[in-house]
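Structure record follows, encoded as structure tokens.
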Amino acid sequence: MSGQHSDMSQQHSEPAQALLSACDLRKAYGPTPALAGASFAIRAGEVVAVMGPSGSGKSTLLHCLAGIVRPDSGTIGYGGRDLTAMTDAERSTLRRTEFGFVFQFGQLVPELSCAENVALPLRLSGAGRKAAERTAFEWLERLEVDDVGRKRPGEVSGGQGQRVAVARALVASPRVVFADEPTGALDSLNGERVMRLLTDAARQTSAAVVLVTHEARVAAYSDREVVVRDGTVRDMAGAL
Amino acid sequence: MSIGHTLLGLLESGPRHGYDLKRAFDEKFGHDRPLHYGQVYSTMSRLLRNGLVDVDGIEPGDGPERKRYAITEAGIADVGQWLTQPEKPEPYLQSTLYTKVVLALLTGRSAAGLLDTQRAEHLRMMRVLTDRKRGGDLADQLVCDHALFHLEADLRWLELTAARLDRLAKEVGA
Numbered sequence: 001m002s003g004q005h006s007d008m009s010q011q012h013s014e015p016a017q018a019l020l021s022a023c024d025l026r027k028a029y030g031p032t033p034a035l036a037g038a039s040f041a042i043r044a045g046e047v048v049a050v051m052g053p054s055g056s057g058k059s060t061l062l063h064c065l066a067g068i069v070r071p072d073s074g075t076i077g078y079g080g081r082d083l084t085a086m087t088d089a090e091r092s093t094l095r096r097t098e099f100g101f102v103f104q105f106g107q108l109v110p111e112l113s114c115a116e117n118v119a120l121p122l123r124l125s126g127a128g129r130k131a132a133e134r135t136a137f138e139w140l141e142r143l144e145v146d147d148v149g150r151k152r153p154g155e156v157s158g159g160q161g162q163r164v165a166v167a168r169a170l171v172a173s174p175r176v177v178f179a180d181e182p183t184g185a186l187d188s189l190n191g192e193r194v195m196r197l198l199t200d201a202a203r204q205t206s207a208a209v210v211l212v213t214h215e216a217r218v219a220a221y222s223d224r225e226v227v228v229r230d231g232t233v234r235d236m237a238g239a240l
Numbered sequence: 241m242s243i244g245h246t247l248l249g250l251l252e253s254g255p256r257h258g259y260d261l262k263r264a265f266d267e268k269f270g271h272d273r274p275l276h277y278g279q280v281y282s283t284m285s286r287l288l289r290n291g292l293v294d295v296d297g298i299e300p301g302d303g304p305e306r307k308r309y310a311i312t313e314a315g316i317a318d319v320g321q322w323l324t325q326p327e328k329p330e331p332y333l334q335s336t337l338y339t340k341v342v343l344a345l346l347t348g349r350s351a352a353g354l355l356d357t358q359r360a361e362h363l364r365m366m367r368v369l370t371d372r373k374r375g376g377d378l379a380d381q382l383v384c385d386h387a388l389f390h391l392e393a394d395l396r397w398l399e400l401t402a403a404r405l406d407r408l409a410k411e412v413g414a
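In structure tokens:
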């Protein structure tokens with residue numbers, strides 16, 4: 001943790017054992033409400049799928065939880081602190097040091113090699129070039145793409161690029177990984193491979209994974225799912 | 241699945257006892273539904289009657305005699321014909337889920353709740369199959385994938401139906 005604490009009077013009360021939780025989030029883009037009282041909680045080491053139809057608010061929920069977007073109201077608790085009360089700089093530090101991200105596409109820096117991309121979070125946190133590259137190659141090997149380490153993102157396939165992105169998301173040992181449609185641009189075989197490697201690696205490192213997907217076969221890699229409908233979250237564990 | 245054709249196909253590699261046939265079937269195709277001995281012996285009797293297998297030998301033992309079966313030329317032709325015939329696609333027009341949704345609407349119960357519960361149950365089963373794939377060999381993966389794709393199709397229907405519940409309620413006169 002960065003040690004840059006916000007006003008502790010705005011401490012967030014989290015559900016028992018939750019690593020990250022949100023309570024009554026509301027967010028509108030102009031007159032359009034994206035979140036209308038959404039609540040969510042995830043424990044350490046847990047993989048939770050966030051499902052729901054297009055436009056239901058699931059990506060907005062992920063962006064709020066990750067501190068990318070500030071909700072209009074509601075609280076987001078992480079480690080006893082309220083993300084919504086943090087400054088932009090504090091949230092930026094938190095994202096770099098505690099969170100990892102995998103998006104559908106366009107997330108790798110095209111000018112850097114795949115290994116340099118993976119090493120980037122470590123370099124930004126002050127690691128030396130050689131040490132960062134060594135760790136990057138260990139992660140590339142774990143994701144079964146060490147053979148493309150010296151290539152640039154434009155020279156590798158979509159499936160390989162996505163595994164490089166997963167390696168980059170996990171290289172700095174994040175406590176939470178946010179994955180927004182991580183297999184959306186991949187065929188079934190590559191998508192399954194990415195999901196297997198992502199969830200295996202996250203479980204081995206006890207990272208929590210917030211997985212936004214509209215694909216049931218991708219959600220089946222999670223421990224449980226929630227459904228976002230009309231800006232609110234339905235926990236499907238309660239539906240059984 | 242045609243158990244008779246599958247057992248015949250297993251005999252093409254060489255004669256086998258009924259017990260061996262059951263074991264080979266269960267190992268390759270049984271998964272959650274292993275064959276009963278009774279099914280094997282009744283099927284083999286039928287195949288024998290129809291000239292698709294012969295008794296290749298009988299071994300006396302403490303229990304009942306063990307017959308070894310061999311496939312005949314007619315049996316080989318029958319398997320060949322079965323393999324080249326496409327399976328009839330199943331349209332599932334008599335869907336229990338559809339019936340439940342309509343009945344829920346007609347009786348003033350929560351159709352949305354019913355769909356949510358079903359959705360959670362489908363995903364629970366998909367998780368079981370996905371876990372099985374993780375630890376399984378290629379054969380396991382292919383069998384599980386077949387089931388997963390069907391469950392996924394059901395889930396897509398559940399989503400679509402959930403999005404059209406208001407319209408459906410009007411159309412069925414609820």
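As they're listed, the protein sequences go chains A and B. FYI, in the numbering used here the residues of the first sequence are 1 to 240. FYI, in the numbering used here the residues of the second sequence are 241 to 414. All C-beta atoms in this analysis are idealised placements derived from N, C-alpha and C, irrespective of residue type, glycine included.
Check	Outcome
Partner residues on chain B for R196(A), Cβ-Cβ distance less than 7 Å	R374
Below-7 Å beta-carbon distance, L405(B) vs any chain A residue	no
Inter-residue CB distance, V102(A) and A169(A) (contact presumed, cutoff 8 Å)	5 Å
Contact set between the region 251-266 of chain B and chain A, restricted to residues whose Cβ is under 9 Å from the partner	none
Runs of beta strand (DSSP E) lying entirely within the region 24-89 of chain A, each at least 3 residues, in chain order	32-43, 47-51 and 73-78
Beta-carbon gap between P121(A) and V164(A) smaller than 7 Å	no
Given R123(A) as reference, the closest of R96(A), R142(A), E144(A) and V145(A) once Cα atoms are compared	R96(A)
Which of helix, strand or coil DSSP assigns to T357(B)	helix
Assigned exposure category for D329(A) - 16 Cβ within 10 Å defines buried	As displayed, chain A neither begins before 1 nor continues past 240, which places residue 329(A) out of reach and without an answer.
Test item: CB-CB of V48(A) and S222(A) under 7 Å	yes
Cβ neighbours of L231(B) in the same chain (closer than 6 Å, five flanking residues each side left out)	Chain B is shown from 241 up to 414; residue 231(B) falls before or after that span and cannot be answered.
One or two residues paired with Y309(B) in a DSSP bridge	R256(B) and V295(B)
Reduced DSSP secondary structure (H/G/I, E/B, other) of A179(A)	strand
Proximal residues to G297(B) (C-beta, below 8 Å), its chain only, five neighbours per side dropped	P255, K307 and R308
C-alpha gap between E138(A) and V166(A), whole angstroms	13 Å
Spatially closest choice to G258(B) from Q358(B), Q321(B), L395(B) and D294(B), by CA coordinates	D294(B)
Burial state of P182(A), where buried means 16 or more other Cβ atoms lie within 10 Å	buried
Buried versus exposed call for Y78(A) [16 or more other C-beta atoms within 10 Å across all chains shown]	buried
Under 9 Å by beta carbon: chain B residues contacting P53(A)	E399, A402 and A403
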